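Participant:
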Amino acid sequence: MTLLSVRNLGVRIHDKPILRDISFDLEAGQIVALTGESGSGKSMTALATMGLLPQGATTTGQLMLDGTDILQTPESGLCALRGDTVGMVFQEPMTALNPVQTIGAQVAETIRIHTKASRSEATRRARDMLNRVGLPEDRFPLSRYPHELSGGQRQRVVIAMAIALRPRLLIADEPTTALDVTTQAQILDLLRGLVDDFGMGLMMITHDLAVVADMADRIVVMQDGAVMEQAPTADLLTQMQHPYTRALFAASTHRPDMPPPERADDPILTVKDAVRDYPGPRRGLFARREFHRAVDGVSLTVNAGERIGLVGESGCGKSTLARAILGLEPLQGGSIAAFGHDIATLPPALRSGLQVVFQDPYSSFNPRHRVSRLITEPFHLLPRPPEGAARTQAIAEALVAVGMAPEDAGKYIHQFSGGQRQRIAIARALILKPDLIVFDEAVSALDVSVRAQVLDLLADLCRSHRLAYLFISHDLSVVRSVTDRVLVMKAGRIVEEGETEAVFTAPRHAYTRKLIAAAPVLPDLKQGKTA
Amino acid sequence: MSRNLTLGIALTSVFVLAAFVSFVFTPYNIEQLDIPAKLQPPSAQHWFGTDHFGRDILSMIMVGARTSIAVALLAVGIGMGLGIPLGLGAAALRGGWLDEVIMRGNDLVFAFPSLVIAILITAVFGAGAVNAIIAIGVFNIPVFARLTRGAALGLWSRDFVLAARVAGKSRARISLEHILPNIANLMIVQGTIQFSLGILAEAGLSYVGLGAQPPIPSWGRMLADAQTLVSIAPHLALFPGMAIILTVLGLNLMGDGLRDWLDPRLRILRT
Amino acid sequence: MLRYALKRALSLAISLIVASVVIFLVIEVAPGDPASFMLGVNARPDTVAALRSELGLDVSKFERYINWITGMARGDFGTSYAYRSPVRDMIAERMWVSLPLAFYALTLSTLIAFPAGIYAASRRGGAGDTAVMAATQLGVAIPNFWFAMISVLIFAINLRWFSAGGFPGWDKGLWTGMKALTLPAVALALPQAAILARVMRSSLLDMLGEDFIRTARAKGLTRRQTLWRHALRNALIPVLTIIGLQFSFLLAGAIIIEQVFFLPGLGRLVFQSISARDLIVVESVVMLLVFAVITVNFIVDLAYAAVDPRLRART
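Printed below as a string of structure tokens:
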């Protein structure tokens, strides 16, 4: 019998249609991936399967799990199913655990509420499960609290909780999105191993097509609350029927058409042995404060017109370095100079040559100002900022350069989508025609299709503006597609540096090799699935 | 606009209006004593009855509204006027010595039972409306300072503030241009709540004789005068009490309603 | 945990020292010399000087501060200007009314607020929630001394269940003492209970929206189970802060309530001392109240650590 059979599932929340006519099957021992961009309804499908839809939701259709229709089961029956027949793993491991309970108690709770196991029996089984998910007793006793664990370790605890009773179906909603690539690879291995060992069905929700292609037996592509296409992985990858599927895969492997570099031997940014310490906790009441060294003796040079990438996992110090380069953080050692002048005392006239685009398009703008005021903020650096018609002209030029309309100047930021906001952020960085822009994870928060457009915009700007930039990202494939030279950062240090293609095809440092190996890559679609 | 907000604004306006009308009109002159008409229960002539000097309670409540509202409003003004700049400064210089001094000072003021210090201030400097305003206002300062600092710290780590710093703007200018407008809603809501607490505190101080002094009428002192007579003339305690309750209720409903209307995620302090 | 406690203790000591300086300075700037005030306008200058020396007023301000502080630390609060009796005994006698009253009220407030807040949160948006929220809206708005007057009118004068005021003393038995403090404690507790119930409710609702609650639901816990097992303990952290702050409001609020019920507590002592310009008593009582409040907040800080393992680990 089919483990999970979804037929014509429809969900409305307060009369707003969220899901329309969703149908798919999932067998025991099978991995089915639901994929699509944000707002496609993939997470809502997972919550519907758990019977955890938000209040005010009404459903139609059928959702048969192991012979029971979830949509017709009363709440008490659902409570008996959840954790026992179906378990779930969520996206954000940092907040998914109760901060004031030990990990042992939280895993044992799943066992205690569904079985008559005694406290010691439940504790013993919790121990077994934690061992199984790779948290051995000597380093991870049951008495640990969540705050003592890293994100990847917490995700393992959440998985242990979800599989403690060996449910027949496991739902994983973006289980690795918040994790680094090397951790992601380990968690994906763990999930695959559990499916094999327990014969579970796994419903995997993810936006990452490389992960999908790598993990799934079957792929369901969703958009705007409906299924666009579904097929076994190998078939879908070789013969995509639906234009949306093709567009989605094309966008995620998109390589913008970068103009050849026009670099000159004119160093506009020089970082020499930069050190940035953060004060850590004191060990004793009167003991000396300890320091966490976020940036540890970094040196780098950016020449005019050069496009440089900086890659590394979260916490490696790349964002701290970016802020130090922008003069937002003081250094404890070494020096940073832009245009031959120390960054801390950079005169406004020179500072205007250095601009930035941040990651989060939703926090990058003061919600109370209009676009015209937002993108002219750098005018503060000019001795005599343009006024009247000249100002309007400058605003219009900057907006047009990033593919927006001059009329957008009068609007507020909440009227724009994430991708449009990131264009406006680039307009703000461009308005003074700077020599160097720092992109700090500037496309990481965007959906693949929007990301592809922003990367194309970047290529256009390189053609029209002769731009140098420092492109900071955790995403190796994006860095590879838009930079000429790349630096790899680990634990505050630069471990490898070189021409981008050379580093990616023949990495010299072990860490770079590990990073590249861990990053899931879409198979070359023209030749079908090779691996 | 929610029902709470409408009701809150309506209740508050009644008393604010009464205070303004009392400058030009009251049903009776409250400075004229009419001993023969003393302690009358509510009637067609005297809607809320008369006190032990024969004064019209409704007229006294109208004039008393001025005292309550003025004292509480000025106390909120002191709290906002000093607390918000202190909080903005502490957040802008996070971790610096000024931040440390401001926050420790805040903790210290919080450690004093507010009414005790109000009593101390009025005891040392004399009882009166001005000292009541200062005493209540002093305790509004840490409320606004703490709230401002907390909200401002959250904004300082936002990318749009970093962008302003990259544009070379000073911390003071960023505080005024980017931080202040984004905490204004929170301050308006908290100001409404502190206004209501000020009305209660003023009533308490006048009740123990440390607020506005005679002949200025105040709701708290009307209740103090009523205390010995409450068994024979309950209306003496009932109406001034209702005036306080309805004003405070109105302001609280308005504060909560404004919060829900402006931004339901705002975290206000309640103590 | 020990380091956390030590750190809090250090900050407690600093707060106390700064508070004592502030109180001393405020009393210092008070106009009028206690000795001349006690002896009247016609006193001979040498008599005044003799009394000043007897009261310890003839030394420098700094010495007077040190004498006051070291005296308090030894339990010697000085001698009342007005009654010429040890301040310590005067305070000790009044303390036996004020402290039990504050704790009585705090207990009542907690006992009312916890069930009300939890109930409202578990019935969010329902009729029960609306009723509790309306009641708390009213509770916050009622001045406690007005509520006290009205309850005296109803329960003492009309129904004659309680006496209208005064305190018979604990030597008449625990029950008699408690009965005399009941109306004052209820009057003090109700507004505080209303605030606490609101904080409890909103704190619980915040927690119920957290990710770990969704995780718990995915394990198969019912809504009710997630509230009791996961949300409540996390929700206690802000609630504890408010309880700590409320203690100071109850001590201070007691000063007014003592006036309504003619209770011989610290509040009445302060008022009597102010009108007699017996400033050494005022100074000592205020210092004692501040000491009590700071100590309670210290205990609250320790309670945080008991609730929240993250604090035990941190600095």
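Chains as they are written, first to last, in the numbering used here: chain A, 19 to 549; chain B, 7 to 277; chain C, 9 to 323. Where a beta carbon is used, it is the ideal one built from N, C-alpha and C, also for glycine. Everything numeric in this text was worked out from a predicted model, so none of it was measured.
Mind checking Ile455/A: buried by the 16 CB within 10 Å criterion, or exposed?
Facilitator: Buried: at least 16 other Cβ atoms inside 10 Å.
Participant: When Cβ atoms are compared, which residues of the segment 305-328 of chain A fall closer than 8 angstroms to chain B?
Facilitator: The segment 305-328 of chain A vs chain B, Cβ under 8 angstroms: nothing.
Participant: According to DSSP, is Tyr529/A part of a helix, a strand, or is it coil?
Facilitator: Tyr529/A: helix per DSSP, three-state reduction.
Participant: Of the choices Val82/B, Gly70/B, Val107/B, Asp165/B, whose alpha-carbon is the least far from that of Pro220/B?
Facilitator: Taking only the C-alpha atoms, the option nearest Pro220/B is Gly70/B.
Participant: Counting only beta-carbon separations shorter than 9 angstroms, does Lys44/B have a partner in chain A?
Facilitator: So no, Lys44/B is outside the interface.
Participant: Closest to Met66/B by CA distance: which of Pro187/B, Ala170/B, Tyr34/B, Thr234/B is it?
Facilitator: Residue Tyr34/B is the option with its Cα nearest to Met66/B.
Participant: What's the gap between the Cα of Ala537/A and the Cα of Leu417/A?
Facilitator: Taking the straight line from one Cα to the other gives about 35 angstroms.
Participant: With a threshold of 6 angstroms on Cβ separation, who are the neighbours of Gln254/C within its own chain once the five nearest residues in sequence on each side are excluded?
Facilitator: Correct list, in chain order: Gln200.
Participant: Per the DSSP calculation, Ala356/A is bridged to which residue(s)?
Facilitator: BP columns for Ala356/A point to Leu287/A, His359/A.
Participant: What did DSSP end up calling Asp146/A once you bin it into helix, strand or coil?
Facilitator: Helix.
Participant: Under 9 angstroms, Cβ to Cβ, is there at least one residue of chain B near Gln204/A?
Facilitator: Answer no: the Cβ-Cβ gap between Gln204/A and chain B never drops below 9 angstroms.
Participant: Check whether the segment 398-414 of chain A touches the segment 466-485 of chain A, counting contact only when three or more Cβ pairs, one atom from each stretch, lie closer than 8 angstroms.
Facilitator: They do not touch, by the three-pair rule.
Participant: Leaving aside the five residues before and after Arg52/B along the sequence, list all residues of the same chain whose C-beta is less than 6 angstroms from its C-beta, in chain order.
Facilitator: This sequence places His at residue 52/B; Arg is not what is there. Excluding sequence neighbours, His52/B sits near Gln46, Asp62.
Participant: Which of helix, strand or coil does DSSP assign to Asn321/A?
Facilitator: Strand, per DSSP.
Participant: Contact defined as beta carbons within less than 8 angstroms: I believe Gln73/A pairs with Asn26/A. What is the distance between those atoms, to the nearest angstrom?
Facilitator: The Cβ separation is near 23 angstroms, so there is no contact.
Participant: Hey, does Asp378/A have any beta-carbon neighbour from chain B nearer than 9 angstroms?
Facilitator: So, interface residue.
Participant: Can you tell me which of Ile189/A, Arg498/A, Ile40/A puts its alpha carbon nearest to the alpha carbon of Thr9/A?
Facilitator: As displayed, chain A neither begins before 19 nor continues past 549, which places residue 9/A out of reach and without an answer.
Participant: Do we get a CB-CB distance below 9 angstroms when we pair His631/A with the residues of chain C?
Facilitator: As displayed, chain A neither begins before 19 nor continues past 549, which places residue 631/A out of reach and without an answer.
Participant: Below 7 angstroms CB to CB, which residues in the same chain sit around Leu258/C once its five sequence neighbours on both sides are set aside?
Facilitator: Same-chain partners within the cutoff: Ala110, Ala113, Leu114, Leu196, Gln200.
Participant: Can you tell me where the beta strand (DSSP E) with Pro35/A in it begins and where it stops?
Facilitator: Start and end: 34-44.
Participant: Need the endpoints of the beta strand (DSSP E) that Pro250/A sits in, please.
Facilitator: Pro250/A -> beta strand (DSSP E) spans 244-250.
Participant: Would Gly60/B and Ala151/B be called neighbours here (beta carbons separated by less than 9 angstroms)?
Facilitator: No.
Participant: Check whether chain C comes within 9 angstroms of Val82/B, counting only Cβ atoms and requiring the distance to be less than that.
Facilitator: Not closer than 9 angstroms to any Cβ of chain C, the Cβ of Val82/B fails to qualify, so no.
Participant: Does the beta-carbon of Thr18/B have 16 or more other beta-carbons within 10 angstroms, so that it is buried, or is it exposed?
Facilitator: With 16 or more other Cβ atoms within 10 Å, it is buried.
Participant: Classify Phe269/C as helix, strand or coil using the three-state DSSP reduction.
Facilitator: Helix at Phe269/C.
Participant: Return the residue from the list Ala27/C, Asn152/C, Val308/C that minimises the CA-CA distance to Asn112/B.
Facilitator: The shortest C-alpha separation from Asn112/B is found at Ala27/C.
Participant: Under a CB-based cut-off of 9 angstroms, is Ala138/B close to chain A?
Facilitator: It does not; no Cβ of chain A falls within 9 angstroms.
Participant: Taking beta-carbon pairs under 9 angstroms, can you tell me which members of the segment 485-508 of chain A lie near chain B?
Facilitator: Answer set for the segment 485-508 of chain A: empty.
Participant: Quick one, which residues of the segment 292-306 of chain C are near chain B if we go by CB-CB under 9 angstroms, in chain order?
Facilitator: Flagged, chain order: Val293, Val294, Leu297, Val298, Ala300, Val301, Ile302, Asn305.
Participant: Consult DSSP for Met507/A and reduce its assignment to one of helix, strand or coil.
Facilitator: In this structure, Met507/A counts as strand in the three-state DSSP scheme.
Participant: Could you check where the alpha helix (DSSP H) with Gly63/A kicks off and where it finishes?
Facilitator: A quick correction: the sequence has Thr, not Gly, at residue 63/A. Segment 60-68, the alpha helix (DSSP H) holding Thr63/A.
Participant: Can you name, in chain order, every residue of its own chain whose Cβ lies under 7 angstroms from the Cβ of His32/A, other than the five neighbours on each side?
Facilitator: The answer, listed in chain order, is Gly74.
Participant: What does the alpha-carbon distance come out to for the pair Ala218/B and Ala124/B?
Facilitator: The straight-line gap from Cα to Cα measures roughly 13 angstroms.
Participant: Using the DSSP secondary-structure output, state which residues sit across from Leu328/A in a beta bridge.
Facilitator: Its beta-bridge partners are Ile490/A, Leu505/A.
Participant: Give the single residue among Ile88/A, Leu83/A, Asp84/A whose Cα lies nearest to the Cα of Arg76/A.
Facilitator: The sequence given here places Thr at residue 76/A; Arg does not occur at that position. For the residues Ile88/A, Leu83/A, Asp84/A, the minimum Cα distance to Thr76/A belongs to Ile88/A.
Participant: Use the C-beta contact count for Asn149/A: other C-beta atoms within 10 angstroms, 16 or more gives buried, fewer gives exposed.
Facilitator: Exposed, because fewer than 16 other Cβ atoms sit within 10 Å of the Cβ of Asn149/A.
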